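The sequence shown runs contiguously to residue 375 in my numbering.
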Amino acid sequence: MLIYDFDQKTLTDLVNRWEEPAYRAKQIWQGLYQHLYSTPEQFTNLPKPLRDRLAESLDFTPLKPKLFLDSSDQMTRKTLFELNDGEVIESVLMRYGDPADSHDTSGKDSRSRRTLCISTQAGCAMGCVFCATGQMGFNRHLTSGEIVAQVMYYAQMLKEENLSVTNIVFMGMGEPFHNYDNMMAAIDRLNDADGFNFGARRMTISTVGLAPQIKRFADEHRQVNLAISLHAADDAERVAIMPVNKRYKIGDVMEACKYYVEKTHRRVTFEWALINGVNDSPEVAKKLASKLRGLLCHVNAIPLNPTTGYSGEATSRERANLFKETLEQAGIPCTIRMRRGIDIAAGCGQLAGSIE
Ligand code: SAH
Ligand code: SF4
C-alpha cells in the first residue's frame, strides 16, 4: 500500500497492529509531511527494525518521474509520472515573481509564488472537445495518496532550494468532482495541522460543473476555492464543446453556484477559454453577464491553448480585451490570464500524459 494513502487514523491503526507505541505513528506522519522525507531510511528517529518494516510493507515512491520539461523562461516545469500500474499523469509547477529579489528565502514573500497544478484522474471522462485530457478518454481515478504524492514530489524538490509550495490548483488531468471522495481525502491530508498544514484557502478545485457535487461541496463548508469551467453562456453552444452539458445544463450549474455562494459566502470563479469566433464576441460576453448578474463571482478568461484534437484557435489579444471590457461594463469582474508553459504543452487543457 502507498504510504500517502493513509490518514492519521489508519496509520495509527497500522502502527498498533504492528504492536508499536502510538507515538510512532505521529513520528512517521511528521517525517512525511513536516520534514518531507521521501524514503524510509530518512526516518532516523525511528528504530531500525521499524524503518525496515516500513520499507518492506509500504510504497514510498508511487510516482516514477519519467520526463520533465522546462519552459523556455524556466518558470514552468511539467513532470510526467508513471504510476505503479503503468498509467501516466502529469503535474505542473509554475513560478511567479523572483524570490531572489525579495530578500526572503522562506518562500513566503507575497511577490513570489509557486503554484502546483495537480492531476486527479488518469485521463478524463468528460470529453470536452478542446481539452487534450478529454481527447484521450478516461483511464482511472487516482487514489488520494497519488494526488497527495504529486504535491509531496514538488514540495521535496522546492525544499532543496529553501522554497515551499504556495498554492495548489486541482486543474491538471481529470475532473476532481468525478473522483469526489479521493479528492476530499487528499485535501484533508494536505490541510492536516499536524502534518503538511497547507491552508485550504490556498487550494482551488476546478470542476466542469457537476451540479450535485457542487452542492455537496457547499454543504461541507470548506475554505477551498471553487472554479467552474463554463466556456459558453448558451446550452446549445455549450453542449457542442462540453458533452457534460447534456446532463447538467447551464441553469443547473448556476443554481448550484447560487447555493454555494449562499451557503459559504465565497466567491465563485468562472473559467472561460476564449476560442476565436466561437465564444469571444461582445454579444456572448453580454449574455454571460446576464447569467452571472447578482452572483458573487469573477471570470477568468484565457485564450485557448492549442491541442492536437481540436481545430479551434485562440482569440487575439484585442478581442480578449474587448470581451473583458464588455463583461466589466456589465458589472462582472474579469481577468485575462497569461498563458503559461505553452511551449512545453503544460498549459490548461494540454496535459495528455504522452511520452512522445
Ligand atoms: N476538469 C476540471 C479541471 C481540469 S481542466 C475542469 O474542467 O474544470 C482545467 C481548466 O483548463 C478548465 O477550466 C478547462 O476548461 C481548461 N481548459 C481545458 N482545455 C483548455 C484549452 N485547450 N485551453 C485553455 N483552457 C483549457
Ligand atoms: Fe475533463 Fe476538465 Fe478536460 Fe473537460 S476540461 S475534459 S472536465 S479535464
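Backbone N, C-alpha and C fix where the C-beta goes; we use that ideal spot for every residue, glycine too. Since we're looking at a predicted model, the values are computed, not measured.
By the CB criterion at 8 Å, M202 and T139 fall inside the cutoff. For F236, the enclosing alpha helix (DSSP H) begins and ends at A230 to D238.
The beta-carbon distance between R43 and L65, rounded to whole angstroms, is 7 Å. This is short enough to meet the 8 Å contact definition.
Burial of P322 is indicated by the presence of at least 16 other C-beta atoms within 10 angstroms of its C-beta. D299 counts as buried, since at least 16 other C-beta atoms from the protein chains shown sit within 10 angstroms of its C-beta. The three-state secondary structure of G142, taken from DSSP, is strand. For the ligand SF4, the residues with a Cβ under 5 Å from any of its heavy atoms are, in chain order, C143, M145, C147, C150, T152, G153, E194 and V227. Taking C353 as reference, the option from R132, T288, K234 and Y173 with the minimal CA-CA separation is T288.
Around the beta carbon of L86, a 10 Å sphere encloses fewer than 16 other beta carbons of the protein chains shown; the residue is thus reported as exposed. According to the DSSP assignment, D89 belongs to the beta strand (DSSP E) that extends over K83 to D89. Between L161 and L135, the CB-CB gap reaches or exceeds 8 Å.
For the pair M190 and I108, the CB atoms are not nearer than the 8 Å cut-off.
The beta carbon of K234 is closer than 6 Å to those of A275 and Y278 in its chain, skipping five residues each way along the sequence. Look at the segment 171-224 and you find these whole runs of beta strand (DSSP E), each 3 residues long or longer: 186-189.
Here the distance from the Cβ of Q169 to the nearest heavy atom of the ligand SAH is not below 7 Å. Here A251 is not near N295, since their CB atoms are 8 Å or more apart. Looking at the backbone, the Cα of R266 and that of E75 are separated by about 46 Å. Under DSSP, Y329 takes part in a beta bridge, and its partners are T326. A distance criterion of 7 Å places the beta-carbon of S225 in contact range of the ligand SAH, judged by its closest non-hydrogen atom. Sixteen is the threshold: when 16 or more other Cβ atoms of the shown chains lie within 10 Å of the Cβ of Q232, as they do, the residue is buried. Put simply, the segment 335-343 does not touch the segment 151-166. Fewer than three CB pairs are less than 8 Å apart.
The ligand SAH has no heavy atom closer than 7 Å to the beta-carbon of H317.
Relative to Y199, the option among Q175, A230 and A212 whose CA is nearest is A230. Distance from the CA atom of Q169 to the CA atom of P84, rounded to whole angstroms, is 10 Å. The three-state reading of DSSP puts Y267 in coil, since its state is none of H, G, I, E or B.
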